[in-house]
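Protein chains: 2
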Amino acid sequence: MAALIFDLDGTLVDTVYAHVFSWQRALAEAGMAVDGWRIHRRIGMSGGLFTRAVARELGREISPAEAEALQQRHGELFQEFLPERRVLPGAVELLRFLRAQGISHGIATSGRRPEIDASLEALGVGVETLVVERGDVLRAKPAPDLFLNCQRRLGVGVDECFVVGDAVWDLLAARRARMLSIGLLSGGYGQDELTRAGAFRVYNDPAELHASLDELGILP
Amino acid sequence: MAALIFDLDGTLVDTVYAHVFSWQRALAEAGMAVDGWRIHRRIGMSGGLFTRAVARELGREISPAEAEALQQRHGELFQEFLPERRVLPGAVELLRFLRAQGISHGIATSGRRPEIDASLEALGVGVETLVVERGDVLRAKPAPDLFLNCQRRLGVGVDECFVVGDAVWDLLAARRARMLSIGLLSGGYGQDELTRAGAFRVYNDPAELHASLDELGILP
């Protein structure tokens, strides 16, 4: 029987645009001008990879201390811009359905506790749900570690797992983990970008995924 | 000789993500929850069309007074979130080059004065440059009126005009105006979305467009 492994930001909670904007402001305050669309296309990587990509783009080094300060400031601005987490349509209902049906599932995110706690709370996810976060693995997406860690702890086979994500980093990490993947438009990527990155289906949001579970062979 | 007609937000100035986020907050304050990605994909329409699309999505009417209040609040939040306008890479240099070479060009935006004044100032655009704004025409994008108005005032033929824009609304309006169009990724759409909407070339940003003018037959 199949299992679902979910990304968090942009997949279950509507946080991508707040992340983009918080990163852009944090970088600008530090004198680093980065285009909004380039930040958008890098959300979902670990913060460490993200700052390295920014450094390459700016053509200068970002020291570990600078990177730490940027992440800190990003977190503050994110909290200021988006004091309440908004779940994406159908996310709460889909997770509730999976629990009720006893279908294996987990959340695997490049985010960290305690920053992700508000999102998990808004989703109605408690201790019964497996959540793998950045601190649990050595390498974040697009490395496969988060998804493989989640799969092992769910106790299912790699070829039984469907990854659900909104970013190409989720889909690339799924390929590297040899899992099938499903793309959601709710993170602001285009349909073709997700398909080309490996998604075998693309839906608008968790609500449309929920209504399409029979297409995926996930329902018992 | 060819002429270039530019969109403004997302094409010459890096304002799309601030617009998305300001709209989302303004709508949320009014009790209307709309996903970030759905707002993103509608930036560049006139505010009137935008609120109508939102109303359809929410399945309720938005009265003219409510729409006016939303636009007002969006403008306030936009100013608060993005006090300084940032030009996109190469935008200032491209416009300066076009002026120096005497290549016909103009800006045609769904935005309005005085809200767009800060962007024009940041771009170094003065009274010598033709700017067509929302108030100059009856219908905004994706209607062709803004581009046709700009073309007539430039005194060039429709088939001499290249529209440069970041949103599918620019590219659809260009098709309806029977003009060729060029897409830029700097507004956060994917390359395929722009190509499918009619762009015959897609570049990252104004800098890459500038470096590619010889591909377009624009240089004398």
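Going down the list, the protein sequences come from chains A and B. For the first sequence, my numbering puts the final residue at 396, and the numbers step up evenly by one. For the second sequence, my numbering puts the final residue at 396, and the numbers step up evenly by one. Note that beta-carbon positions come from the ideal geometry of N, C-alpha and C, so glycine has one too.
Residue i bridges to which residues according to DSSP?
i: residue 360 of chain B; result: B/379
i: residue 282 of chain A; result: A/181 and A/306
i: residue 339 of chain B; result: B/181 and B/357
i: residue 189 of chain B; result: B/185 and B/263
i: residue 219 of chain B; result: B/221
Just how far apart, CA to CA, sit residue i and residue j?
i: residue 372 of chain B; j: residue 293 of chain B; result: 32 angstroms
i: residue 383 of chain A; j: residue 278 of chain A; result: 19 angstroms
i: residue 386 of chain B; j: residue 266 of chain B; result: 7 angstroms
i: residue 226 of chain A; j: residue 218 of chain A; result: 7 angstroms
i: residue 374 of chain B; j: residue 182 of chain A; result: 34 angstroms
i: residue 317 of chain A; j: residue 223 of chain A; result: 10 angstroms
i: residue 379 of chain A; j: residue 365 of chain A; result: 12 angstroms
i: residue 251 of chain A; j: residue 240 of chain A; result: 17 angstroms
i: residue 276 of chain B; j: residue 303 of chain B; result: 15 angstroms
i: residue 199 of chain B; j: residue 234 of chain B; result: 15 angstroms
i: residue 211 of chain B; j: residue 370 of chain A; result: 18 angstroms
i: residue 315 of chain A; j: residue 228 of chain B; result: 45 angstroms
i: residue 237 of chain B; j: residue 231 of chain A; result: 47 angstroms
i: residue 280 of chain B; j: residue 215 of chain A; result: 33 angstroms
i: residue 319 of chain A; j: residue 361 of chain A; result: 22 angstroms
i: residue 194 of chain A; j: residue 367 of chain A; result: 21 angstroms
i: residue 213 of chain A; j: residue 340 of chain A; result: 22 angstroms
i: residue 221 of chain B; j: residue 381 of chain A; result: 23 angstroms
Return the chain-ordered list of same chain residues with a C-beta closer than 8 angstroms to the C-beta of residue i, the five sequence neighbours on each side being excluded.
i: residue 301 of chain B; result: 271, 283 and 307
i: residue 334 of chain B; result: 324, 327, 353, 354 and 355
i: residue 338 of chain A; result: 178, 179, 180, 181, 355, 356, 357, 358, 392 and 394
i: residue 311 of chain B; result: 288 and 289
Output needed for residue i: all residues of its chain with C-beta closer than 7 angstroms, excluding positions within five of it in sequence on either side, in chain order.
i: residue 197 of chain B; result: 257
i: residue 309 of chain B; result: 285, 287, 288, 289 and 292
i: residue 269 of chain A; result: 386
i: residue 273 of chain B; result: 386
i: residue 389 of chain B; result: 395
i: residue 330 of chain A; result: 179, 280, 282 and 306
i: residue 332 of chain A; result: 179 and 280
i: residue 184 of chain B; result: 283, 285, 287, 292 and 295
Below 6 angstroms CB to CB, which residues in the same chain sit around residue i once its five sequence neighbours on both sides are set aside?
i: residue 377 of chain B; result: 358
i: residue 298 of chain B; result: 261 and 263
i: residue 363 of chain A; result: 186, 192, 342 and 343
i: residue 249 of chain A; result: 202
i: residue 177 of chain B; result: none
i: residue 313 of chain A; result: 321, 322 and 325
i: residue 351 of chain A; result: 374
i: residue 336 of chain A; result: 178 and 179
Indicate whether at least one CB of chain E lies closer than 8 angstroms to the CB of residue i.
i: residue 250 of chain B; result: Of the protein chains in this structure, namely A and B, none is chain E.
Short-range partners of chain A found in the segment 192–207 of chain B, where Cβ spacing is below 9 angstroms | 192, 193, 194, 196, 197, 200, 201 and 204
Any 3 or more C-beta pairs closer than 8 angstroms across the segment 253–265 of chain B and the segment 186–205 of chain B | yes
Taking only beta carbons into account, state which residues of the segment 254–272 of chain B come closer than 8 angstroms to chain A, listed in chain order.
-> 257, 262, 264 and 265
Say whether the segment 336–348 of chain B touches the segment 247–257 of chain B, bearing in mind that this needs 3 or more beta-carbon pairs closer than 8 angstroms, one atom from each stretch.
-> no
Are there three or more Cβ pairs, one per stretch, closer than 8 angstroms when the segment 202–216 of chain A is compared with the segment 241–249 of chain A?
-> yes
Listed in chain order, which residues of the segment 354–380 of chain A have Cβ atoms closer than 7 angstroms to some Cβ of chain B?
-> 361, 362, 363, 364, 365, 366, 368 and 369
The segment 216–228 of chain A: positions lying closer than 7 angstroms to chain B by Cβ | 216
In chain order, what residues of the segment 329–355 of chain B put their CB closer than 7 angstroms to some CB of chain A?
-> none
Members of the segment 310–328 of chain B near chain A, C-beta cut-off 7 angstroms | none
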